[in-house]
Amino acid sequence: MPAKILDGKLLAATMRADIAKQVAELKAAKGITPGLGVILIGADPASTSYVTAKEKACEEAGMYSEDVRVPAETTQAEALALVQKMNADPRIHGILVQLPLPKHIDEAAVINAIAPEKDVDGFTPINVGRMMIGETCFLPCTPNGVIQMLLSAGVETSGKHAVVIGRSNIVGKPVAHLLMRKAKGGNATVTVCHTGTKDLATFTKQADILVVAAGRPNTVTGEMIKPGAVVIDVGVNRVPDATKKNGFRLVGDVDFDSAAQVASLITPVPGGVGPMTITMLLYNTLESAQRLSAKG
Ligand code: GUN
Numbered sequence: 072m073p074a075k076i077l078d079g080k081l082l083a084a085t086m087r088a089d090i091a092k093q094v095a096e097l098k099a100a101k102g103i104t105p106g107l108g109v110i111l112i113g114a115d116p117a118s119t120s121y122v123t124a125k126e127k128a129c130e131e132a133g134m135y136s137e138d139v140r141v142p143a144e145t146t147q148a149e150a151l152a153l154v155q156k157m158n159a160d161p162r163i164h165g166i167l168v169q170l171p172l173p174k175h176i177d178e179a180a181v182i183n184a185i186a187p188e189k190d191v192d193g194f195t196p197i198n199v200g201r202m203m204i205g206e207t208c209f210l211p212c213t214p215n216g217v218i219q220m221l222l223s224a225g226v227e228t229s230g231k232h233a234v235v236i237g238r239s240n241i242v243g244k245p246v247a248h249l250l251m252r253k254a255k256g257g258n259a260t261v262t263v264c265h266t267g268t269k270d271l272a273t274f275t276k277q278a279d280i281l282v283v284a285a286g287r288p289n290t291v292t293g294e295m296i297k298p299g300a301v302v303i304d305v306g307v308n309r310v311p312d313a314t315k316k317n318g319f320r321l322v323g324d325v326d327f328d329s330a331a332q333v334a335s336l337i338t339p340v341p342g343g344v345g346p347m348t349i350t351m352l353l354y355n356t357l358e359s360a361q362r363l364s365a366k367g
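Position in the sequence shown (first residue = 1) + 71 = our numbering.
Take a look at the structure:
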């Protein structure tokens, strides 16, 4: 039986409407407009399109957004100075440095420079550490978006076997942590597969919940999925397509057509996890502004 679609676009729209309402309330009650500062270094087409979408979403939610786009030749010292300027700017409650950075810039040093109280991506070591030990922190956007989708669809995670493919700092590692933590949308038994995993299908076939963040199309096909599993496809890959105006189409890491014949619930690409990532960024930025307002 074909799977039901887990529609991230719809959930994102509902959550963004609620965020916009809270933004308006914060403005009316405290005169604070949540602000997101975005730094894009270089002109990678995918990064440029993500950043544009993030800013548009911010404005639609009634937030302030500051856009700094600088050339790929920007030095590390210049990149650090951009972050420090936003750290000190009271209009900015959240800072996003779009990754990846050009090769000559030390990504860790730039992330480390973000003030943890403005780290709405949840990428700084302080935030990652706080998340690992269950302290108040900003949860990373894509992993939290995945959990919110599972919760919204009423998927039981507790006691289930979740298999994550991918071990990146942005998705694989944190989503595995959120799925295993003792909390709503967690308490699963988690297996993490990666490029060193031998015979991937042995593991994917055991998954009640399969989260695929491998960064490669067709990493998972229908015959690798346990019947009735929930499949979350985090992949966003551009594949050439001459029939499209821009010359490409977006596909995930999962072969959707064959997977949808076996799974019970599946996210599409586009329109699945992607819109939720941006939504959780707005959520964190609002939360950052609310924390500040609570301090007085
Ligand atoms: N590059 C890919 N995903 C992300 C993300 O969630 N945040 C940032 N800053 N860069 C990314």
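The C-beta atom is built at its ideal place from N, Cα and C for all residues, glycine as well.
Note that the structure is a prediction, hence the values are computed from the model and not measured.
By the Cβ-count criterion, lysine 269 is exposed, with fewer than 16 other Cβ atoms from all chains shown falling within 10 Å of its own Cβ. For the pair leucine 210 and glycine 257, the Cα-to-Cα distance works out to about 14 Å. Annotation: the continuous beta strand (DSSP E) that includes phenylalanine 319 extends over 319–322. In this structure, leucine 167 has its beta carbon less than 6 Å from a heavy atom of the ligand GUN. Counting only the Cα atoms, proline 142 lies some 35 Å from glutamine 219. A buried status is given to serine 136, since no fewer than 16 other beta-carbon atoms sit within 10 Å of its beta-carbon. Under DSSP, isoleucine 236 takes part in a beta bridge, and its partners are Cys264 and Val283.
Between alanine 99 and glycine 193, the alpha-carbon positions lie close to 28 Å from each other. By the Cβ-count criterion, glutamate 126 is buried, with 16 or more other Cβ atoms from all chains shown falling within 10 Å of its own Cβ. When the beta-carbon positions are compared, threonine 275 and aspartate 326 stay at least 7 Å from each other. Distance from the CA of asparagine 355 to the CA of glutamine 169, rounded to the nearest whole angstrom, comes to 16 Å. Residue side-chain check: isoleucine 241 places its Cβ nearer than 6 Å to a non-hydrogen atom of the ligand GUN. Scanning the segment 76–161 from its first residue to its last, the whole beta strand (DSSP E) runs of 3-plus residues come out as 106–112 and 135–141. Taken atom to atom, the span from the alpha-carbon of aspartate 312 to that of valine 333 is near 27 Å. Cα atoms of proline 161 and isoleucine 103: separation of roughly 10 Å, rounded to the nearest angstrom.
With 16 or more other Cβ atoms from the protein chains shown falling within 10 Å of its own Cβ, histidine 248 counts as buried. For leucine 357, the enclosing alpha helix (DSSP H) covers residues 344–365.
For the options Gly165, Asp279 and Thr228, the alpha carbon positioned closest to that of leucine 353 is the one of Gly165. DSSP, read as helix, strand or coil, puts aspartate 192 in coil.
For glycine 165, the enclosing beta strand (DSSP E) has its first and last residue at 165–168. A direct Cα-to-Cα measurement between glutamate 96 and valine 310 gives close to 43 Å.
The Cβ atoms of proline 346 and lysine 80 sit closer than 7 Å to each other. A Cβ-Cβ distance of about 6 Å is found for the pair leucine 151 and valine 181, placing them in contact under the 8 Å criterion. By the neighbour-count criterion, in which a residue is buried when 16 or more other Cβ atoms sit within 10 angstroms of its Cβ, serine 359 is buried.
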